[in-house]
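In what follows, a single structure is set out as structure tokens and then discussed.
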Amino acid sequence: MKTSSTLQGRREFIRQVGISGSALLFAPDFMGHWAADTRTDVMVLGGGIAGLYAALQLQEKGYSVGVLEGANRLGGRLFTLDNIPGRPEVGGIEVGNGYQSIIGLAEKVGVAIVAHPPAPPQARELTLFVRGKAISTQNWHASDCNLLAEAEKKLLPPLLESHYTMKNIPFKQLDEWYSGNFQSLDIPYADFLRQKGASDEAIRLIDVNANIHGVHRTSALHVLRSLSLRIIGGSTTTLRIEGGSSRLPQAVAAKLKQAPETGKIVKRIVQKKKRVEIYCSDGSRYVARAVICTLPFPALRQVEFLTPLPSLQQDAIANMPYIPISQVHMRPTAPFWEEDKMPPAMWTDSPLGRIFATYNEKGEVERLTSWMVGNEAANFDKLPSEQARAFVLSEMAKLRPASKGHLEILYMNSWGNNPLNGGAYHQYAPGQIGKWVPHLAKPAGKICFAGEHTCFTHTGMEGAAQSAERAVKEVEQILNAS
313 MKTSSTLQGR REFIRQVGIS GSALLFAPDF MGHWAADTRT DVMVLGGGIA GLYAALQLQE
373 KGYSVGVLEG ANRLGGRLFT LDNIPGRPEV GGIEVGNGYQ SIIGLAEKVG VAIVAHPPAP
433 PQARELTLFV RGKAISTQNW HASDCNLLAE AEKKLLPPLL ESHYTMKNIP FKQLDEWYSG
493 NFQSLDIPYA DFLRQKGASD EAIRLIDVNA NIHGVHRTSA LHVLRSLSLR IIGGSTTTLR
553 IEGGSSRLPQ AVAAKLKQAP ETGKIVKRIV QKKKRVEIYC SDGSRYVARA VICTLPFPAL
613 RQVEFLTPLP SLQQDAIANM PYIPISQVHM RPTAPFWEED KMPPAMWTDS PLGRIFATYN
673 EKGEVERLTS WMVGNEAANF DKLPSEQARA FVLSEMAKLR PASKGHLEIL YMNSWGNNPL
733 NGGAYHQYAP GQIGKWVPHL AKPAGKICFA GEHTCFTHTG MEGAAQSAER AVKEVEQILN
793 AS
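Position in the sequence shown (first residue = 1) + 312 = our numbering.
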């Protein structure tokens, strides 16, 4: 046990050498132990846009604040591949013109929000690959691979989901979806589609490439909420962050007086009467008066809370599904589409999902990107790296024989395999919305929660930003009361 004189001596040493509390995270005491700085007002867990924006707001209000990020880079699921031609995104890219929080944050830190460059006319063209056969969009309605119901046959596979959902969105306000008035829609998405007249083949084709983890394991209410944002969310036009999405979190981090720390994987959180202690996997320890936790729930499942969270939050953390999405960015070394006379972009029911074509300023195909989601992404994620590369090239050769030998894999990204994310973003399984929302985002003692999964109006980067604004207000109340 430390004596009173020892503690006083240590405090006097720190005072005399002039090390501030916000700069000193750890100092060895005279007994050979490590003492954590107790003068940080707030520690923010997670260096994505929610955590960085929360830290900036707290700093502007005069609080001392630190940010801990488990990865070796900042930005979370805003991630621009700067070393690849065209700077592709493997995370968030679109900024709706109704994203007031993101647009305001970008203005604050001096990052431009701009229009997407115009795409050449050929970018609208698409090759279908269904049931093992390549089909032009013009021939789809009469193809022997088109097993849709008679009333659906003229609908292209990529348009089936919007056909059955966009005209059936029942709410008019952003917060209305979880009001309790639509619990009858908190059912499997497949059941909803069937109620609206979708055939089994239409449901199968929707299931292949919808940005969810399966039509049977996703709540229809969740899908309707996500798709409604373009109608009632004021996001009629999509913009982008100039220079790449990573520019925004980097600019926010540059405004922080205390630089965010990377490589800090949180393993344990201990709440005490007047402070919260955070323990990281590298043995470091941090102490603050309050915490804002922005960690996605798959990462939070690996954190031990000495004081248990409320049961509903524990349930949500343990069981909320996250959507696996994997991308493979490829460079064509020859225009093989000129040989087979089909557009380079593809919509497929194959393991590679959708193949997007990106054009450069000259109107040339610069890159092809396989976008796998749900079960296909989960299966792909099981493959070792070299086997995964070989699999992609082999599958592409099946889809487009002319591509054989003419593709170079530039980068593969799996959000499902990333232990700090566990998926690209959250979703709700049937029955979970009425059970959890909005309880899962409530403060627990001195811990407040933020991140896109805790926002009940917008999703994506705007949801992350709005959640940060809410969490800052909550943590201020905690600090003012302590």
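Built from N, CA and C at the ideal position, the CB exists for glycine as well.
Look up residue i in the DSSP assignment and give the residues it is bridged to.
{"i": "Y634", "result": "H738"}
{"i": "G360", "result": "G387"}
{"i": "Y598", "result": "I590"}
{"i": "L440", "result": "I447, W659"}
{"i": "H641", "result": "T681, Y723"}
{"i": "Q814", "result": "Lying before the first or after the last residue shown, residue 814 is absent from the chain, which here runs from 313 to 794."}
{"i": "L380", "result": "L357, E573"}
{"i": "C760", "result": "I604"}
{"i": "T352", "result": "A600"}
{"i": "E401", "result": "T392"}
{"i": "F668", "result": "T681"}
{"i": "I425", "result": "I553"}
Can residue i and residue j be called in contact, C-beta distance under 8 Å?
{"i": "H765", "j": "M632", "result": "yes"}
{"i": "F391", "j": "S558", "result": "yes"}
{"i": "F609", "j": "H770", "result": "no"}
{"i": "T670", "j": "G403", "result": "no"}
{"i": "S531", "j": "D487", "result": "no"}
{"i": "G728", "j": "A690", "result": "yes"}
{"i": "L460", "j": "S511", "result": "yes"}
{"i": "Y723", "j": "L393", "result": "yes"}
{"i": "A424", "j": "E554", "result": "yes"}
{"i": "I481", "j": "L536", "result": "yes"}
{"i": "K674", "j": "E616", "result": "no"}
{"i": "G757", "j": "A611", "result": "no"}
{"i": "W489", "j": "L533", "result": "yes"}
{"i": "D652", "j": "A714", "result": "yes"}
In its own chain, which residues sit with a C-beta less than 6 Å from the C-beta of residue i, not counting the 5 before and 5 after it?
{"i": "I331", "result": "Note that I331 has pLDDT 34, beneath the 50 cutoff, so the model's placement of it is unreliable and the number below is only indicative. Result list for I331: empty, nothing under 6 Å."}
{"i": "S726", "result": "S638, D693"}
{"i": "M642", "result": "L680, L719, I721"}
{"i": "Q495", "result": "G746"}
{"i": "E437", "result": "P655"}
{"i": "R782", "result": "none"}
{"i": "E688", "result": "P663, G665"}
Please check the pair residue i and residue j, which I expect to be a contact at CB under 8 Å, by giving their CB distance rounded to whole angstroms.
{"i": "K521", "j": "G665", "result": "Reading the sequence as shown, one finds Asn at residue 521 and not Lys. Confirmed, Cβ separation roughly 5 Å."}
{"i": "T449", "j": "L539", "result": "Between L539 and T449 the Cβ distance is about 22 Å, and since that is not below 8 Å, they are no contact."}
{"i": "L370", "j": "V377", "result": "4 Å"}
{"i": "T352", "j": "A600", "result": "5 Å"}
{"i": "L607", "j": "A383", "result": "Not really, about 11 Å apart at Cβ, beyond 8 Å."}
{"i": "V407", "j": "L568", "result": "With 8 Å as the limit, V407 and L568 do not qualify as a contact, their Cβ atoms being about 22 Å apart."}
{"i": "L618", "j": "V582", "result": "4 Å"}
Under 7 Å Cβ to Cβ from residue i, same chain only, skipping five residues before and after it: list those, please.
{"i": "A335", "result": "Its pLDDT being 36, under 50, A335 is placed unreliably in this model, and the value from its coordinates should be taken loosely. Correct list: empty, nothing qualifies."}
{"i": "R613", "result": "I629, A630"}
{"i": "Q699", "result": "none"}
{"i": "E473", "result": "I518, A522"}
{"i": "E707", "result": "S662, P663, L664"}
{"i": "F703", "result": "L695"}
{"i": "Y365", "result": "L417, V564, A777, A780"}
{"i": "H525", "result": "P633, I635, P636, G686, Q739"}
{"i": "K716", "result": "A709"}
{"i": "A741", "result": "R529, T530, S531, P633"}
{"i": "H475", "result": "L467"}
{"i": "M313", "result": "Confidence at M313 is low in this model, with a pLDDT of 35, below 50, so the placement of that residue is unreliable and no value is reported for it."}
Starting from the C-beta of residue i, find all residues in its chain whose C-beta is less than 8 Å away, skip the five residues before and the five after it, and write them out in chain order.
{"i": "K484", "result": "I544"}
{"i": "L624", "result": "K747, W748, H751, L752"}
{"i": "L791", "result": "D353, V354, Y375, R601, A602"}
{"i": "I396", "result": "H641, R679, L722, Y723"}
Restricting to runs no shorter than 3 residues, where is the beta strand (DSSP E) found entirely within the segment 444-498?
445-448
Mind listing, in chain order, the continuous alpha helix (DSSP H) runs of no fewer than 4 residues lying wholly within the segment 498-541?
501-507, 512-521
Please give the ranges of any beta strand (DSSP E) in the segment 685-738, keeping only runs that are unbroken, at least 3 residues long and fully inside the region.
719-726
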